[in-house]
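Asker:
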Amino acid sequence: MPHVTVQHFTRTFTDAEKADLVEAVTEAVTRVFGTGPGNVSLAVEAVDPSDWTEQVYRPAVEERPELLWKHPEYTPSAGGEGDR
Numbered sequence: 001m002p003h004v005t006v007q008h009f010t011r012t013f014t015d016a017e018k019a020d021l022v023e024a025v026t027e028a029v030t031r032v033f034g035t036g037p038g039n040v041s042l043a044v045e046a047v048d049p050s051d052w053t054e055q056v057y058r059p060a061v062e063e064r065p066e067l068l069w070k071h072p073e074y075t076p077s078a079g080g081e082g083d084r
């Protein structure tokens, strides 16, 4: 039962963008994990740029690098925002 969480800077998505993301992520996950689309769940969480370092970068990137399959090509600035 794969579950995917996407955290991102706050923005508004159109219905078409939401559908596109769901379709693309679901397709990749079902192909790689060999499971059906009904087994995949996807959460999308908006994070204010000023909270990015404390809520996302430190706990998910700095403190758990062994879980990353793709590392970011940025480091957060002192103000808490990564490069956009």
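Position 31 of the sequence shown, counted from 1, bears residue number 31 in the UniProt record's numbering, the numbering being contiguous throughout. Where is the CB? At the ideal position from N, CA and C, for every residue including glycine.
Run through DSSP, which three-state label would Leu42 get?
Answerer: As a position in the sequence shown, residue 42 is number 42, starting the count at 1. The DSSP-derived three-state label of Leu42 is strand.
Asker: Counting pairs of beta carbons, one from the region 65-78 and one from the region 30-46, are three or more of them closer than 8 Å?
Answerer: Not touching, per the Cβ criterion.
Asker: So, is Thr26 buried or exposed, given that buried needs 16 or more other C-beta atoms within 10 angstroms?
Answerer: The residue given as residue 26 occupies position 26 in the sequence shown. By the 10 Å Cβ count, Thr26 comes out buried.
Asker: Can you grab the Cα-Cα spacing for the pair Asn39 / Glu45, in whole Å?
Answerer: Translated into positions along the sequence shown, residue 39 becomes position 39. Translated into positions along the sequence shown, residue 45 becomes position 45. Between Asn39 and Glu45, the C-alpha separation is close to 20 Å.
Asker: Leaving out five residues before and five after Thr10 in sequence, what residues of the same chain have Cβ atoms less than 6 Å from its Cβ?
Answerer: As a working note, residue 10 is residue 10 in the sequence shown. Closer than 6 Å at Cβ, skipping near neighbours: Ala46, Asp48.
Asker: Between the alpha carbons of Ser41 and Val29, how many angstroms are there, rounded?
Answerer: For the purposes of this step, residue 41 is taken as residue 41 along the sequence shown, with counting starting at 1. For the purposes of this step, residue 29 is taken as residue 29 along the sequence shown, with counting starting at 1. Distance between the alpha carbons of Ser41 and Val29: 10 Å.
Asker: Assuming Thr5 and Ala43 make a contact with CB atoms under 8 Å, what is their CB distance in whole Å?
Answerer: Sequence index remark: in the sequence shown, residue 5 carries index 5 (1-based). Sequence index remark: in the sequence shown, residue 43 carries index 43 (1-based). Indeed they touch by this definition, with Cβ atoms about 5 Å apart.
Asker: State the start and end residues of the unbroken alpha helix (DSSP H) segment that holds Val22.
Answerer: Reading the sequence shown from its first residue, position 22 is the one you call residue 22. Secondary structure note for Val22: its alpha helix (DSSP H) is the uninterrupted segment 15-33.
Asker: Take the Cβ of Trp69 as the centre, count every other Cβ of all protein chains shown within 10 Å, and call the residue buried at 16 or more, exposed below.
Answerer: One-based indexing of the sequence shown puts residue 69 at position 69. An exposed status is given to Trp69, since fewer than 16 other beta-carbon atoms sit within 10 Å of its beta-carbon.
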